[in-house]
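Student: Can you read through this structure? Questions will come right after.
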Amino acid sequence: MTRILLFFGLFGIASPWGLAAGPQVDRPNILLILADDVGREVLECYGGTSYATPQLDRLSEQGIRFTQAYAMAVCHPTRISLLTGQYPFHLGDPHWGTFPEFAESKTVAHVLKEAGYATAIAGKWQLTLLKDDLDHPHRLGFDSYCLFGWHEGPKYYQPHIWQDGKLRKDVHNRFGPDVYCDFLIDFMNRNQDRPFFAYYSMGLCHAVTNDLPKPPPLGPNGRYPSYAEMVVAMDERVGRLLEALNRSGLSESTLVLFVADNGTPQHIIETAVGDRLVYRPVVSKLGETDIPGGKGQPTDWGTRVPMIASWPGKIAPSQVNDTLVDVSDFLPTLASLAGSQLPNEWNLDGHSFVAALLGDSQADTAPSQQRQWIFAQRNRHAFVKDRRWKLYGDGRFFDTQEDPWEKHGMKPDRLSSAAATSRQRLEQAIQTLGLPVKYRKASNSKKN
1 MTRILLFFGL FGIASPWGLA AGPQVDRPNI LLILADDVGR EVLECYGGTS
51 YATPQLDRLS EQGIRFTQAY AMAVCHPTRI SLLTGQYPFH LGDPHWGTFP
101 EFAESKTVAH VLKEAGYATA IAGKWQLTLL KDDLDHPHRL GFDSYCLFGW
151 HEGPKYYQPH IWQDGKLRKD VHNRFGPDVY CDFLIDFMNR NQDRPFFAYY
201 SMGLCHAVTN DLPKPPPLGP NGRYPSYAEM VVAMDERVGR LLEALNRSGL
251 SESTLVLFVA DNGTPQHIIE TAVGDRLVYR PVVSKLGETD IPGGKGQPTD
301 WGTRVPMIAS WPGKIAPSQV NDTLVDVSDF LPTLASLAGS QLPNEWNLDG
351 HSFVAALLGD SQADTAPSQQ RQWIFAQRNR HAFVKDRRWK LYGDGRFFDT
401 QEDPWEKHGM KPDRLSSAAA TSRQRLEQAI QTLGLPVKYR KASNSKKN
């Protein structure tokens, strides 16, 4: 892909972004919360019965609960796609823990910053080794950051946290997620006189990691938090941010978006015995059905995620919406809400879902231009999918409504008329994407 050089409006140089044409709505503050390892079966408002999530349920009652939102099957590619509006294979399939240098100036943070927004991020950073490149979040468009660097140190107990290039020395005895919340609350309060973009890139509900030189510090009860305890902690921190908006009078001027980066983990690290980590399977209930964690799998249990949007006075409450959304859609959507018109040369994969948020009459996206299928990739598995039918790059085809676990592939010569039509449409989508050959070769296993 040709590198696009962008020049910002400094020293009289014209900005590449202009004001978007068409109807304009008031530009909101934006609080984007990206949860880690949270499948839709976890939230009560999606029918989950294993955990209490009162704050997220309340957020859903105040706005829209999306039922057809998709991410990648694991966190790193999701976070890249969210920031850039492009699928990872269109960015050269960045290696784990890296971010393509040519895309550093083409992020949603840069778009919003150029539109006059204050920008900040807190929580998880796995797009480079932060300790080796402390300016990286700034180069990606964030004015300020408070982050733990992946593969560098603990994130929950005795957290290892960088804030704008300096290691925090005052947080050793604090719970990491509280530090990130405090930082974002302070950021939002300090920027009440201008629009802001506050991005909470959560570490919750990811287990402590097994990639440090020695096991991370145990919690005050002598073990790591269980998955259920992390769900409670996640929900409580969402509630803290929402309450902060209420206290400061910012609720009605702030769009809150909650989404997850992939499905629920298959296992959680429960404790450490010496240097040995002890794992426990994660199984949640959706109604009365046991749902094993699907993270890392290209099925709906690994890629179909919860997504909630609330903006009092602009988004009608208690909505359920089946608009197809994937994580590449956040950049064009937030750009539209900020009044920015993106350069055509960016060739984004994402589609604006403003029409789903505000209603067609206030949107800049005609229904005919809205998304008809989503895309996700995991290692050599890649697929396109509509609300029911799913086609992998290697030709496997499933009816996910009747076969959500993808146990029974459908043979091309035995399809109903509706299935055949859908398969043909999805085949055309794969051609349009220009999916590389490596994703179109038959795999020895159905899942990864």
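Here the numbering used here is used: the first residue of the sequence shown is 1, the next is one more, and so on.
Ideal Cβ placement from N, Cα and C applies to all residues, glycine included.
What you are looking at is a predicted structure, and each value in this text was computed from that prediction instead of being measured.
What number of angstroms, rounded off, separates the C-alpha of Ser253 from the C-alpha of Glu270?
Tutor: Their backbone Cα atoms lie some 41 Å apart in a straight line.
Student: Can you find a CB in chain C that lies within less than 9 Å of the CB of Val179?
Tutor: Chain labels in this structure do not include chain C; a single protein chain is all it has.
Student: Let's test the definition: count the other Cβ atoms within 10 Å of the Cβ of Ala418 and tell me whether it reaches 16, buried, or not, exposed.
Tutor: Exposed, by the Cβ-count rule.
Student: Report yes or no: do three or more beta-carbon pairs, one from the segment 194 to 211 and one from the segment 168 to 186, lie closer than 8 Å?
Tutor: Counting Cβ pairs under 8 Å, three or more are found: they touch.
Student: In the DSSP assignment, find the unbroken beta strand (DSSP E) run with Met307 in it and report its ends.
Tutor: Met307 -> beta strand (DSSP E) spans Arg304 to Ser310.
Student: Can you tell me which of the three DSSP states Arg247 falls into?
Tutor: Reduced to three states, the DSSP call for Arg247 is helix.
Student: Would Thr303 and Gly350 qualify as a contact pair, given that the criterion is a beta-carbon distance under 9 Å?
Tutor: No; because the gap between Cβ atoms is not below 9 Å, this pair is not in contact.
Student: Below 9 Å between beta carbons: does that hold for Thr107 and Ser144?
Tutor: Against a cut-off of 9 Å, the Cβ pair of Ser144 and Thr107 comes out as no contact.
Student: Check whether the segment 369 to 378 and the segment 323 to 339 touch, using three or more Cβ-Cβ pairs below 8 Å as the test.
Tutor: Touching, per the Cβ criterion.
Student: Going by beta carbon distance, what residues of the same chain come within less than 8 Å of Pro88, once the five residues before and after it are set aside?
Tutor: Cβ neighbours of Pro88 beyond the five flanking positions: Met72, Pro77, Ile80, Ser81, Pro94 and Gln377.
Student: What's the C-alpha gap between Val354 and Arg194?
Tutor: Distance between the alpha carbons of Val354 and Arg194: 22 Å.
Student: Would you mind sorting Arg388 into buried or exposed? The rule is 16 or more other CB atoms within 10 Å of its CB.
Tutor: With fewer than 16 Cβ atoms within 10 Å of its Cβ, Arg388 is classed as exposed.
Student: Can you pull the DSSP bridge partners for Thr264?
Tutor: According to DSSP, Thr264 bridges with nothing at all.
Student: Roughly how many whole angstroms lie between the Cα atoms of Ser459 and Asn189?
Tutor: Nothing about residue 459 can be read from this structure; the chain reaches only from 1 to 448.
Student: Between the Cα of Arg423 and those of Gly222, Asp386 and Ser352, spot the shortest distance and give me the residue it belongs to.
Tutor: Nearest option by C-alpha distance: Asp386.
Student: So what does DSSP say about His138, is it helix, strand or coil?
Tutor: Looking at His138 - three-state DSSP - the assignment turns out to be helix.
Student: Whole angstroms are fine: how far does the CA of Asn173 sit from the CA of Met410?
Tutor: Spanning the two alpha carbons is a distance of roughly 55 Å.
Student: Grab the span of the beta strand (DSSP E) containing Ile30 for me, first residue to last.
Tutor: Start and end: Asn29 to Ala35.
Student: Output needed for Ile291: all residues of its chain with C-beta closer than 8 Å, excluding positions within five of it in sequence on either side, in chain order.
Tutor: Once the five neighbours on either side are set aside, the close Cβ partners of Ile291 are Gly39, Glu41, Thr264, Val283, Ser284, Lys285 and Trp301.
Student: With a cut-off of 8 Å on the beta carbons, I'd call Gln62 and Pro312 a contact; round off their distance for me.
Tutor: Right, their Cβ atoms sit about 7 Å apart.
Student: Per DSSP, which one or two residues make a beta bridge with Thr271?
Tutor: Thr271 is bridged to Val278.
Student: Residues in its own chain within less than 6 Å of Trp96 by CB, not counting five upstream and five downstream?
Tutor: Correct list, in chain order: His76.
Student: With Leu334 and Leu112 assumed to form a contact (beta carbons below 8 Å), what rounded beta-carbon distance in angstroms separates them?
Tutor: Between Leu112 and Leu334 the Cβ distance is about 6 Å, and since that is below 8 Å, they are a contact.
Student: Using C-beta distances below 6 Å, list every residue in its chain close to Pro154, excluding the 5 sequence neighbours before and after it, in chain order.
Tutor: Closer than 6 Å at the Cβ level, and outside the excluded window around Pro154, lie His160, Pro216 and Pro217.
Student: Should Asp178 and Ala52 be called a contact, given that it needs their Cβ atoms to be closer than 9 Å?
Tutor: Contact flag unset, no.
Student: Kindly list the residues whose CB is nearer than 6 Å to the CB of Leu32, restricted to its own chain and excluding five residues on each side of it in sequence; keep chain order.
Tutor: Tyr199 and Leu257.
Student: Check the DSSP bridge columns for His381 and list the partner residues they point to.
Tutor: DSSP output for His381 lists Arg378 as bridge partner(s).
Student: Hey, how far is the Cα of Glu406 from the Cα of His381?
Tutor: Those two C-alpha atoms are separated by around 14 Å.
Student: Note down the Cα distance separating Tyr46 from Phe66, rounded to an integer number of angstroms.
Tutor: About 9 Å.
Student: Would Leu34 pass as a contact of Ser310 if the rule is Cβ separation under 9 Å?
Tutor: No, they are not a contact pair.
Student: Near Gln192, what residues of its chain come up, given a Cβ to Cβ distance below 7 Å and the 5 sequence neighbours on each side ignored?
Tutor: Closer than 7 Å at Cβ, skipping near neighbours: Ser248 and Leu250.
Student: In the DSSP output, which residue or residues are listed as bridge partners for Ser416?
Tutor: None; Ser416 has no bridge partner.
Student: The beta strand (DSSP E) that contains Cys146, what's its start and end?
Tutor: That run of the beta strand (DSSP E) goes Ser144 to Gly149.
Student: I'd like the list of long-range same chain contacts for Gly92, defined as Cβ closer than 7 Å, with 5 residues on each side in sequence excluded.
Tutor: Once the five neighbours on either side are set aside, the close Cβ partners of Gly92 are Pro100.
Student: Let me make sure I understand the geometry here. Which of Thr84, Val320 and Val208 has the alpha-carbon closest to that of Asp57?
Tutor: Measuring from the Cα of Asp57, the nearest candidate turns out to be Val320.
Student: Kindly indicate which three-state DSSP category Ser81 falls into: helix, strand or coil?
Tutor: Ser81: helix per DSSP, three-state reduction.
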